[in-house]
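Worksheet for the structure shown next.
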Amino acid sequence: MTYKSDIWEVFIQSKNGLAHKHVGNVHASDKKMALDNARDLYTRRNEGSCIWVVKTSHIVSSESEDSESFFDPANDKVYRHPTFYKMPDGAKHI
Amino acid sequence: MSTLLKYTLRIADNSLILGQRMAEWCSKGPTLEEDIAMSNIALDLFGQANGFLEYASKIDGQKTADDLAFKRDASNFYNFCLVEVENGHFGNTMIRSLLFDTFYLLFYKELSKSQDENLSALAFKSLKEIKYHFRHSQNWIIRLGDGTKESNKKVQESLNNLWKYTDEFFEIDNVDQIMIDQKIGVNTSLLKKEWTEIIESTINEAKLIKPSTIKMITGGRDGKHSNKLSSLLKEMQYLPRKYPNAKW
Amino acid sequence: MSEKLFQEKIDSEKKIEPKDWMPEKYRQHLIRQISQHAHSEIIGMQPEGQWINRAPSLRAKMILLAKVQDEAGHGLYLYSACETLGISRKELINQLHEERAKYSSIFNYPTLNWADMGAIGWLVDGAAIVNQVSLQRTSYGPYSRGMIKICKEESFHQRQGYEIMAEMANGTKEQKAMAQDALNRFWWPSIMMFGPHDADSPRTGNAMKWKIKRQTNDELRQSFIDKTVPQAQVIGLTIPDPDLKWNEQRGHYDFGEIDWKEFWNVVNGNGPCNKERLDHHKRAHNEGRWVREAAKVYAEKNKLN
């Protein structure tokens, strides 16, 4: 392209009640075009009930070199999971 | 030929011929995304053509939908002259689409109230599709009209060129009158006002100028076509005509 | 991260994501392979696209258009995957136009009759699917996700081709002749799609080590031939290879020697349609320039981007 085209990330909700899921991206020069292009490319097989498009440049991502400090500290917080707790025999619905 | 058959073929032929034109864009779009969009539109149009031709085949009682598509001559095609116009550049195609989509949006809305259940069901399904086509061509005309000087000039020229085909939308002949009287058909002459309003507001937003009234070209709905349609059909019908006994 | 840690990650079947460290050669290899794959999808629209307006029934017309449209979509998924490696689609298209990037040579053969639509779907898509199924497990995350999506969507492509072939092989005498003719012309180019023999494929080593490729050219080719030969028998067509026969001991079909001179000739730009395909793409790209510019200017003026 003559200009560097804008890239938009596409998120599709496959049906009401479910979360929007990232499916890929499209190039488009404006918002409407981004939405239309996403519709034309990513819902050709009834995949959608709602579409979000977000400019790729607006997404802030964690960096892979930060991944240890970001995610490893959660490893030993086992008390956040229900299986950590001992329940007396016979206790139900808890 | 029965009145209902001719009426149904007119609708089917518009979709088929415009679909054929839109499909010519495949692998030639201005962006890859737009290539996909135009294929989607062509697929909708072929689906509509197929639906209306199936119904026409039922009315006819002998010919199949494919016979009707692939074994009729140009003089027995009843589409608007507008839809057989060659694609030209992308802006030209979008002007042709805008003029047609705006009309068909209004037309299908009315046809979906037809007393003929088949026509009303087909129109109801097609209406959803045409709404999207209209959104697509309208957005593009606004972008191109209000884009660069070059793009504005190009689409203005196309608008001026294609304007002469638009009166045909609103003509009422015998076939229409009988269908209107039976509450099957649409009185398209009543759609002109709304069509004009939508087109005017779109071209205003697109910073385009409405063409002055010129000599109109009509006749497509009675089988009077330019030689563009014969060349289109020659290509489209080539295989079934060359091998009449073959099944595909 | 060192190359050693990178290799450990690959060896333990962890996917590499765009923000992860990767050796420059890994990145370059991926750009070359993914873009070649993307360009093949896009150039591959042309030989079939020429028949959409001549499809012999409404059903065939809609199916073919939907299939060619899928190819555009798949090209787009692949360009997206490639862009995550830090190269723009614009640059990828430039590489194609300046012949610095290649696409599959199969698309440099002409489509002469309707049976070619069958042969392309059955053989060319069939061969591509064998390759793509294997690539679903490729080590680069965005490429792998693209392949999974593509494989899911392409499952109908081979069937539509085989259906056309079956219909024609059982049709009139003329139709059967067309079907056999299409098979004759597309068989060898299809099995060449898997590339040179492993021994003559210098980059295979790295690609396998980095798990970009999961099976070698020869393994994939054999698997395609083993699948396809019985399909030809079912519809009564003859594969144009006198040396083709089942080898009980190997549990595979043996097949004749590929004409590598022809292969390299087409790869190097001397196939029947190389120039036509590239010119078509350049023309469409150039004719669309004013449209892309206008859309950009419109968005900037109206602050919609």
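Just so you know, the sequences run in chain order A, B and C.
Under the numbering used here, the final residue of the first sequence carries the number 94; numbering is consecutive throughout.
Under the numbering used here, the final residue of the second sequence carries the number 1248; numbering is consecutive throughout.
Under the numbering used here, the final residue of the third sequence carries the number 2305; numbering is consecutive throughout.
A virtual CB, placed ideally from N, CA and C, is assigned to each residue, including glycine.
Is the shortest distance between the beta-carbon of residue i and the beta-carbons of chain C less than 8 Å?
i	result
B:Ile1209	no
A:Lys21	no
A:Lys77	no
A:Asp6	yes
A:Asp30	yes
A:Ser61	yes
A:Ser97	Past the edges of chain A, shown from 1 to 94, lies residue 97 of chain A, and the structure says nothing about it.
Which partner residues does residue i have in the DSSP bridge list?
i	result
C:Tyr2253	C:Trp2246
C:Cys2082	According to DSSP, C:Cys2082 bridges with nothing at all.
C:Ile2016	C:Tyr2140
My assumption, with CB atoms under 8 Å, is that residue i sits in contact with residue j. Please give the rounded CB distance.
i	j	result
B:Leu1162	B:Leu1233	So it is not a contact: roughly 21 Å between Cβ atoms.
C:Gly2073	B:Phe1090	With a Cβ gap of about 20 Å, C:Gly2073 and B:Phe1090 do not count as contacting.
B:Thr1093	B:Trp1195	Not confirmed; about 19 Å, so no contact.
C:Ile2106	C:Pro2196	Wrong, their Cβ atoms sit about 15 Å apart, outside the cutoff.
C:Ile2120	C:Glu2048	6 Å
B:Arg1143	C:Ala2294	6 Å
C:Ser2080	C:Met2193	The Cβ separation is near 23 Å, so there is no contact.
B:Leu1045	B:Met1022	6 Å
DSSP on residue i, reduced to helix/strand/coil?
i	result
A:His22	strand
B:Gln1237	coil
C:His2197	coil
B:Ile1017	helix
A:Met1	At A:Met1 the pLDDT is 36, less than 50, meaning the model places this residue with poor confidence; the figure from the coordinates comes in the next sentence. Three-state DSSP puts A:Met1 in coil, outside helix and strand.
C:Tyr2103	coil
C:Ile2087	coil
C:Tyr2298	helix
B:Tyr1243	coil
B:Tyr1108	helix
B:Thr1202	helix
B:Val1249	Coverage of chain B is limited to positions 1001 through 1248, which leaves residue 1249 of chain B absent and any answer about it impossible.
C:Trp2021	coil
B:Phe1080	coil
C:Asn2170	coil
C:Asn2265	helix
C:Thr2111	coil
B:Thr1218	coil
C:Thr2238	coil
B:Thr1031	coil
C:Leu2030	helix
A:Gly90	coil
C:Pro2230	helix
C:Tyr2077	helix
C:Trp2122	helix
C:Pro1984	Nothing about residue 1984 of chain C can be read from this structure; chain C reaches only from 2001 to 2305.
B:Pro1211	coil
C:Ala2055	coil
C:Asn2305	coil
B:Lys1071	coil
C:Pro2189	helix
Under a CB-based cut-off of 8 Å, is residue i close to chain B?
i	result
A:Val54	no
C:Tyr2298	yes
A:Arg26	Note that residue 26 of chain A is Val in the sequence shown, not Arg. With 8 Å as the cut-off, A:Val26 counts as an interface residue toward chain B.
A:Leu35	no
C:Thr2084	no
C:Pro2056	yes
C:Asn2053	yes
A:Tyr3	With a pLDDT of 40 at A:Tyr3, under the threshold of 50, the modelled position of that residue is not reliable, and the figure given next carries that caveat. So no, A:Tyr3 is outside the interface.
C:Val2124	no
C:Gly2118	no
At least one CB of chain A closer than 8 Å to the CB of residue i: is that the case?
i	result
C:Gly2073	yes
B:Ile1141	no
B:Thr1031	yes
C:Arg2137	no
C:Tyr2109	no
B:Asn1087	no
Which residues, in order along the stretch 2025 to 2036 of chain C, keep a beta-carbon less than 9 Å from a beta-carbon of chain D?
-> Of the protein chains in this structure, namely A, B and C, none is chain D.
Ignoring anything shorter than 4 residues or poking outside the stretch 1163 to 1198 of chain B, list the alpha helix (DSSP H) runs there in chain order.
-> 1174 to 1181
Fully enclosed by the stretch 5 to 81 of chain A, which alpha helix (DSSP H) runs are 4 residues long or longer?
-> 31 to 42, 67 to 71
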